[in-house]
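Notes to accompany the following structure.
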Amino acid sequence: MKTTTAALTALALLTGLGAAAADPLKIGMITTLSGPGAGLGIDTRDGFMLAVKQSGVTDVEVLVEDDGQKPELAVQIADKMIQSEDVGVLTGIVFSNLLMAVAPSVTAQDKFYVSTNAAPAALAGKGCNPLYFNAAYQNDNLHEAMGEYANRDHKTMFIMAPNYPAGKDSLTGFKRYYKGEIAGELYTQVGQTDYAAEIAQIRASGADGAFVFLPGGMGIAFMKQYAQSGSTVPVMGPGFSFSQDVLGAIGQAALGVKNSGQWAKDLDNPASKQFLEAFQAEYNRLPSIYAVQAYDAAQLILSAHKTAEPSDTEAFRAALLKADIQSPRGKFSFNTNQHPIQDIYLTEVVDENGTLTNHIVEKIFSDHGDAYAAECQM
1189 MKTTTAALTA LALLTGLGAA AADPLKIGMI TTLSGPGAGL GIDTRDGFML
1239 AVKQSGVTDV EVLVEDDGQK PELAVQIADK MIQSEDVGVL TGIVFSNLLM
1289 AVAPSVTAQD KFYVSTNAAP AALAGKGCNP LYFNAAYQND NLHEAMGEYA
1339 NRDHKTMFIM APNYPAGKDS LTGFKRYYKG EIAGELYTQV GQTDYAAEIA
1389 QIRASGADGA FVFLPGGMGI AFMKQYAQSG STVPVMGPGF SFSQDVLGAI
1439 GQAALGVKNS GQWAKDLDNP ASKQFLEAFQ AEYNRLPSIY AVQAYDAAQL
1489 ILSAHKTAEP SDTEAFRAAL LKADIQSPRG KFSFNTNQHP IQDIYLTEVV
1539 DENGTLTNHI VEKIFSDHGD AYAAECQM
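Residues 1189 to 1566, numbered by the numbering used here, are exactly what the sequence shown covers, in order.
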């Protein structure tokens, strides 16, 4: 494996693999490696590269660049990778507004895009494309699970998310399953760090629970301020708001919070145990769900590459659709819109020997697809 960005020079040395063979499969990874969302991109990069290293392949070249969480920059990088670097597959984008800018352009240039995270509804339904796959979920999924869970003990909920495609999908997904009253619905600014006004609205709403989707630095800022406010309204959210990459920064304010995910470190299957051990050995930290999703995206691409080249679009697509991988999530298959069908769990933040992490409480959905597959015509 050859890594061609300065950001990954050290990682490339760690892999110890030889130079790529002539005409390797080129994979272009565009992800967020700077700014408040950098933790998500770093876990994405590291999970992906771990799978490449474990595969032992020598004919794959991974080009990694930082999008700075800027859609216009992501588009420029994608075009350069396609037109100058001749990549066959693109991947890595964390945020849905960036993916909405990049994915249609990539597929229009007859290149594959395999998403490691972002999964906007617009690309799952009528906007689906044979060259676009999602290895993570569809944006609504984890929020749907929390809507189902909230029905048990909460008659009124205040719901909040950032004002971008994933935030809108988040609240749509929650409301699809929640049957109680919505006491307040609020969209915040992307990258916002001061939530005093929003916390005041939660407290004044009369809600008996709050559902919050705020990934990365947004979630860290909110949870710290929420704990300082003294509010007694319990908070819940999707796994993105309480993923491993942010729990250390949030601290004790996250302890006991219920959230949702397709994976947690105590999921009992051989692939999960192997992944967890390998990730910790390689990076000396626990992985997040972002790392798991990227690990599987790499497995999918490499599995397809065993039998086909991206230039043979029908053969490569057919190979991807087989989902011939051992996922840490356990069961994994693609729906008709090339988004996952998978189990989704209720998890809880616990203190495990001084380290905050998520443990599985129970399974909420089995073999869960998404609400948009029926609209996809391919």
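Just so it is clear, CB atoms sit at the ideal spot from N, CA and C, and this is done for glycine as well.
All figures in this text were calculated on a predicted structure; none of them were measured in a lab.
C-beta contact flag for residue i and residue j at 8 Å
| i | j | result |
| --- | --- | --- |
| SER1272 | ALA1306 | no |
| VAL1378 | ILE1408 | no |
| VAL1445 | VAL1549 | no |
| VAL1250 | VAL1277 | no |
| LEU1474 | GLY1518 | no |
| GLN1257 | GLY1225 | yes |
| MET1566 | PRO1318 | yes |
| ALA1384 | VAL1423 | no |
| ALA1511 | PHE1236 | no |
| ASN1322 | PRO1498 | no |
| PHE1467 | ALA1452 | no |
| THR1524 | ALA1561 | yes |
| SER1419 | VAL1400 | no |
| PRO1516 | PHE1553 | no |
| GLN1567 | TYR1320 | A query on residue 1567 cannot be resolved here, the shown segment of the chain reaching from 1189 to 1566 and no further. |
| ILE1532 | HIS1556 | yes |
| VAL1282 | LEU1330 | no |
| LEU1261 | ALA1291 | no |
Identity of the residues DSSP links to residue i by a beta bridge
| i | result |
| --- | --- |
| VAL1538 | THR1545 |
| PRO1528 | PHE1522 |
| PRO1350 | THR1376 |
| THR1279 | MET1217, VAL1302 |
| LYS1551 | TYR1533 |
| ILE1370 | MET1345 |
| SER1515 | GLY1518 |
| ASP1254 | THR1219 |
| HIS1588 | Residue 1588 falls outside the range modelled here, since the chain spans only 1189 to 1566, and no answer is possible. |
| ASN1322 | SER1303 |
Whole-number beta carbon distance between residue j and residue i, since they are thought to touch under 8 Å
| i | j | result |
| --- | --- | --- |
| GLY1427 | SER1448 | 6 Å |
| ASN1351 | THR1381 | Wrong, their Cβ atoms sit about 15 Å apart, outside the cutoff. |
| ASP1255 | THR1279 | Going by Cβ atoms, the distance from ASP1255 to THR1279 rounds to 12 Å, so no, they are not a contact pair. |
| VAL1275 | MET1269 | 5 Å |
| TYR1483 | ALA1239 | 5 Å |
| ALA1266 | VAL1294 | 6 Å |
| GLY1425 | MET1334 | 7 Å |
| PHE1300 | PHE1504 | 7 Å |
| GLU1332 | GLY1372 | Contact flag wrong, Cβ pair sits at about 20 Å. |
| SER1417 | ILE1387 | 5 Å |
| PRO1353 | PRO1308 | 4 Å |
Residue i classed as buried or exposed, judged by whether at least 16 other C-beta atoms fall within 10 angstroms
| i | result |
| --- | --- |
| LYS1367 | exposed |
| ARG1340 | exposed |
| GLU1336 | buried |
| PRO1458 | exposed |
| ILE1513 | buried |
| LYS1494 | exposed |
| THR1543 | exposed |
| ASP1541 | Reading the sequence as shown, one finds Asn at residue 1541 and not Asp. Classification of ASN1541: exposed, given that the 10 Å Cβ count is below 16. |
| ASP1231 | buried |
| THR1304 | buried |
| ALA1209 | Reliability of the predicted coordinates at ALA1209 is poor, the pLDDT of 38 falling under 50, and no value is obtained from them. |
| GLN1432 | buried |
| ARG1233 | buried |
| GLU1253 | buried |
| LYS1214 | buried |
| LYS1551 | exposed |
| SER1476 | buried |
| GLN1297 | exposed |
| LYS1314 | exposed |
| GLN1440 | exposed |
| ASP1500 | exposed |
| ASP1539 | exposed |
| GLU1369 | exposed |
| LYS1343 | exposed |
| ASN1327 | buried |
| GLY1244 | exposed |
| ALA1198 | Confidence at ALA1198 is low in this model, with a pLDDT of 35, below 50, so the placement of that residue is unreliable and no value is reported for it. |
| GLY1394 | exposed |
| ALA1492 | buried |
What are the uninterrupted segments assigned as alpha helix (DSSP H) that are 4 or more residues long and contained completely in the stretch 1438-1502, given in chain order?
-> 1458-1471, 1477-1493
Enumerated in chain order, which unbroken segments of the beta strand (DSSP E) with a length of 3 residues or greater are wholly contained in the stretch 1285-1320?
-> 1300-1303
Please specify which runs of the beta strand (DSSP E), each continuous and at least 3 residues long, are wholly inside the stretch 1395-1433, giving them in chain order.
-> 1398-1400
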